[in-house]
Amino acid sequence: MRRWLPPLLLLVALIGLWELVVRAADVPDYLFPAPSAVGTALRDDGGTLGAATLVTAREMVLGYVLAVALGLSFAVLLHFSTALRRALLPLLVVSQTVPTVVLAPILAILLGYGIGPKLVVVAIVCFFPIVVNAVDGLRASDPELVRMMRTLHGARWNIFRRVEFPGALPMIFSGARVAATYAAVGAVFGEWAGSSEGLGFVMLQSQPSLDTAIIFASVLILSLLALGLYGAVTLAERLLVPWKWEEAHA
Amino acid sequence: MNYAVVERRGVAAGGISLDGVLRILGGRRVLDGVSLEIGLHERLGIVGRSGTGKSTLLSLVAGLDEPDHGLVTVGGDATAEGRLRRCALMPQRDGLLPWRTALDNACLALENAGLGRPEARAAARPLFARFGLEGAEELRPARLSAGMRQRVAFLRTLLAGKDVLLLDEPFGALDAITRGELQDWLGDALADQPQTVLLVTHDIEEALRLCDRLAVLSRGRIATILEVDVERDVTDPAFVELRRRALEAIE
Chain A
0 MRRWLPPLLL LVALIGLWEL VVRAADVPDY LFPAPSAVGT ALRDDGGTLG
50 AATLVTAREM VLGYVLAVAL GLSFAVLLHF STALRRALLP LLVVSQTVPT
100 VVLAPILAIL LGYGIGPKLV VVAIVCFFPI VVNAVDGLRA SDPELVRMMR
150 TLHGARWNIF RRVEFPGALP MIFSGARVAA TYAAVGAVFG EWAGSSEGLG
200 FVMLQSQPSL DTAIIFASVL ILSLLALGLY GAVTLAERLL VPWKWEEAHA
Chain B
0 MNYAVVERRG VAAGGISLDG VLRILGGRRV LDGVSLEIGL HERLGIVGRS
50 GTGKSTLLSL VAGLDEPDHG LVTVGGDATA EGRLRRCALM PQRDGLLPWR
100 TALDNACLAL ENAGLGRPEA RAAARPLFAR FGLEGAEELR PARLSAGMRQ
150 RVAFLRTLLA GKDVLLLDEP FGALDAITRG ELQDWLGDAL ADQPQTVLLV
200 THDIEEALRL CDRLAVLSRG RIATILEVDV ERDVTDPAFV ELRRRALEAI
250 E
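Protein chains in written order, with numbering that gives the first Met the number 0: chain A, 0 to 249; chain B, 0 to 250.
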């Protein structure tokens, strides 16, 4: 609790300051809405925003799960094949220079306007940190442990599942946590490229009518969704990597 | 004991032989013509300064490495595979897996060999009492004392069921008091075990307390081999004399 108090107090103070400045300077709502106006939008358009939130949350979670499954499989493949790792890892790094925003419309053309292209955009955005951290984590195992395992009847597969993979879990989770913060951005990009629902769609719809408060409300909800996903991953880490926590408190 | 008989029996089962072994690492002759016979059930200590090739020698015997020249055989088998099949390594530090409980760490070799987890745990559990580890079964390494961690590590090595135990400075990271206690404990534990033991250490006293013979390694060669035919008592004059001779050979 004590850890959360300072940032929480700062946040409340900033929101208060924002409200004061907007009112004092008499800034119109369509330019820069006050927190109270955002609150009103959340209440008045609760139905629309709620439905859009469900759509976007679904895209985020499914796309993220897809990224984790593909990212981990890919990392294991690269871990077992030095040739593949040498050939693919540099290409993977280079591929990150392609902006995802540009890919989203192409995917919409290829895959249509359903949930498919959104999942792919989310997965693409989240894929990289997961793969890179997992590959590094798998390679970081103590060579002394591997030597020991070999003298303890340890076949290659046993060394992987009993030493390398559990040892890589903390690294895998730090990649997964970074990826979790990208999922919301990916979902919105996907929706902007072509959709008829979701928070990204609501934002686009509100732009021509200068309904800025709803855009702000959408951003707020997106942040909360990202935070929720991050929290879920952190919780999963606590459950799956209990020894790390134990070591820190030993 | 007739040494030739020991040697022949040794070659047949868990005996070890090194013949003119040369190993070059990073352009340096880490082992420069080492020849050594270790009989079945014998306990040989290898002492020397850091960097004199003690761990390299263990890797060669274990089948984790191949010599550049010369021959290493364990139980008469010169292939790396055959050596690997007969040796179990207890690494420097304890090498316990932090995500496994003490009992599951001890079970590692049994599970690797294909035993189911419940069967492996059932096989290892009785040994916890015998090795003074009662009550520690379900604790992860972070919750164990340094001494307990070494005991679990030794138990894990033992449960591999190999003919040869390779102990690589097992107590190097411990404080002097714990180290003394564990040396007594290991001496008792080994007394009941039929395995051939190779103990690498930089602690001459440790080797004299635990081994039948002592090979002093210096600059990649065996400087001398001493029979430990004295009372294992640090205050005994014969013991002190033996320690002096080993120390002299290290220089």
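Glycine included, every Cβ here is placed at the ideal spot set by N, Cα and C.
On the criterion of 16 or more Cβ atoms from any shown chain inside 10 Å, does A29 of chain A qualify as buried, or is it exposed?
Per the sequence shown, residue 29 of chain A should be read as Tyr rather than Ala. Classification of Y29 of chain A: exposed, given that the 10 Å Cβ count is below 16.
Please report the Cβ distance between M37 of chain B and G14 of chain B, rounded to the nearest whole angstrom; I am assuming they are in contact, meaning their Cβ atoms lie under 8 Å.
Here the sequence assigns Ile to residue 37 of chain B, which means Met is not the residue at that position. The pair is a contact, with the Cβ atoms about 6 Å apart (cut-off 8 Å).
Mind listing which residues of the segment 59-79 of chain B have their C-beta closer than 7 Å to chain A's C-betas, in chain order?
Hits within the stretch, in order: A61 and L63.
So, does the segment 60-67 of chain A touch the segment 209-223 of chain A, judging by three or more C-beta pairs under 8 Å?
Not touching, per the Cβ criterion.
In three-state terms, what does DSSP make of L30 of chain B?
Reduced to three states, the DSSP call for L30 of chain B is strand.
Starting from G94 of chain B, find everything on chain A with Cβ-Cβ shorter than 7 Å and list it in chain order.
Within 7 Å Cβ-Cβ: E143, L144 and M147.
Tell me which residue opens and which closes the beta strand (DSSP E) that C86 of chain B is part of.
C86 to M89 is the span of the beta strand (DSSP E), which, as asked, contains C86 of chain B.
Counting only beta-carbon separations shorter than 8 Å, does G111 of chain B have a partner in chain A?
In the sequence under discussion, the amino acid at residue 111 of chain B is Asn, which differs from the Gly named in the question. Closer than 8 Å to some Cβ of chain A, the Cβ of N111 of chain B qualifies, so yes.
Quick check: is the beta carbon of L88 of chain B nearer than 8 Å to any beta carbon in chain A?
Yes - at least one Cβ of chain A is within 8 Å of the one on L88 of chain B.
Check this for me: beta carbons of G197 of chain A and A186 of chain A, under 8 Å apart or not?
Taking 8 Å as the Cβ cut-off, G197 of chain A and A186 of chain A qualify as a contacting pair.
When you compare the CB positions of V33 of chain B and L63 of chain B, do they come within less than 8 Å of one another, or not?
No. Outside cutoff.
Would you mind working out which of A:F127, A:R160, A:A122 and A:L118 sits nearest V54 of chain A, comparing C-alpha positions?
Residue A:L118 is the option with its Cα nearest to V54 of chain A.
Does DSSP put S217 of chain B in a helix, a strand or coil?
Note: S217 of chain B maps to strand in three-state DSSP.
To test your reading of the DSSP string, which unbroken beta strand (DSSP E) runs of 3 or more residues are found completely within the segment 108-159 of chain B?
The qualifying runs do not exist here; there are none.
If we ignore side chains and look at the alpha-carbon of each, how far apart do R8 of chain B and E236 of chain A end up?
Low confidence applies here, because R8 of chain B scores a pLDDT of 42, under 50, leaving its location unreliable; read the following figure in that light. In a straight line, the C-alpha of R8 of chain B is about 53 Å away from that of E236 of chain A.
Taking the alpha-carbon positions, what's the F130 of chain B to L83 of chain A distance?
Approximately 47 Å between the Cα atoms of the pair.
Around the Cβ of W314 of chain A, are there at least 16 other Cβ atoms within 10 angstroms (buried) or fewer (exposed)?
Residue 314 of chain A lies beyond the stretch modelled for chain A, which goes from 0 to 249, so this question has no answer here.
Does R243 of chain B come out as helix, strand or coil in the three-state DSSP assignment?
Correct three-state label for R243 of chain B: helix.
Short of 6 Å in beta carbon distance, which residues of its chain neighbour A33 of chain A, apart from the five on each side in sequence? Order them along the chain.
Only E18 and V21 meet the Cβ criterion.
Please say whether I224 of chain B and R212 of chain B have beta carbons closer to each other than 8 Å?
In contact: R212 of chain B and I224 of chain B (Cβ atoms closer than 8 Å).
Spatial neighbours of Q91 of chain B within its chain, please: CB distance less than 7 Å, with the 5 preceding and 5 following residues excluded, ordered by chain position.
Counting only Cβ-Cβ distances below 7 Å, and skipping sequence neighbours, we find D167, E168 and G171.
Among B:D18, B:L157, B:R231 and B:R139, which one has its Cα closest to the Cα of G179 of chain B?
Closest by alpha carbon: B:R231.
Taking 8 Å as the threshold (beta carbon to beta carbon), is P169 of chain A in contact with chain B?
Not one chain B Cβ lies under 8 Å of P169 of chain A.
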